[in-house]
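Contents: one structure, followed by commentary.
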Amino acid sequence: MNSYFITGTDTGVGKTLVSAALLHTLARRHPRVVGMKPVAAGRVRHGDGWASEDALALRAASTVEVPPELDNPVLLPDPLSPHIAAERAGVRIDIEHLVSCYRELARRADAVVVEGAGGFHVPLSDSSTGADLAQALALPVVLVVGLRLGCLNHALLTAEAIRARGLLLAGWVANRIDPAMQAQEENIAWLQRQLAAPLLADIAYQDAPDPRAIALHLP
């Protein structure tokens, strides 16, 4: 399998954009690719029901159509930390069930891109986090670094947490989300020296980025 788990230095750093771009990149090599958003907090009207905007973006970049209960098994109404949104909705987030859904997707596709919620250690319940899910999936991890003040600390801490779980940091993406940030080149150069993982893409700031136009250089 050519599958990956996508995490970020924080929420709002471009995980969905990078996940969709990775699906487009993988589709050049594999006929069947599919995205997965195991846990989504926040929903919008879609057709006669509800959907996650992140899940919709991943579906648009996928080449395999699957039931929503597989590619987005947990859809929570409120745009909050998943453990709070789940408690409000009366939902229990079961990591074993999420892994089971991933395995079914892996049977249907040549590659699966799994986008985590929030940062690596985002709480899913009082006893589990996104890191537990990543560890259970045991996929190579791609780290999205949102370039803004404070990102160096967040990137190093996240990389350390990924490796502490015995997972491979397959690479990282620099996403220039703050056009006003100073010394962006110097920050990227420092991270290249410190993260000990390949830089897969350097995404320029755009008001409406197109994931199809982003080339990820996979190792």
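In our numbering, the protein residues as written are 7 to 225.
Glycine included, C-beta positions come from ideal geometry on N, C-alpha and C.
DSSP state of residue i mapped onto helix, strand, coil
i, result
"V39", "strand"
"G112", "For the sequence presented, residue 112 should be read as Ala rather than Gly. Helix, per DSSP."
"E6", "Within the shown structure, residues of the chain are numbered from 7 to 225, placing residue 6 beyond reach of any answer."
"A27", "helix"
"T164", "helix"
"T13", "strand"
"R154", "coil"
Cβ shell of residue i (< 8 Å), same chain only, five flanking positions each side left out
i, result
"A95", "L82, P83, D84"
"S58", "K43, A46, G48, R49, V50, N78, L81"
"R154", "I183, D184, M187"
Residue i: first and last residue of the uninterrupted alpha helix (DSSP H) it sits in
i, result
"H89", "88-95"
Below-8 Å beta-carbon distance, residue i vs any chain D residue
i, result
"V105", "Reference to chain D is not applicable here, since this structure consists of a single protein chain."
Same chain only: Cβ atoms within 6 Å of residue i, ignoring 5 sequence neighbours per side
i, result
"P88", "V45, A47, A123, L130"
Cβ-Cβ distance between residue i and residue j below 8 Å
i, j, result
"V118", "V179", "no"
"A137", "A167", "yes"
"P185", "H30", "no"
"V147", "A140", "yes"
"V24", "N181", "yes"
Delimiting residues of the beta strand (DSSP E) encompassing residue i
i, result
"D208", "205-209"
"A123", "117-125"
"A57", "55-57"
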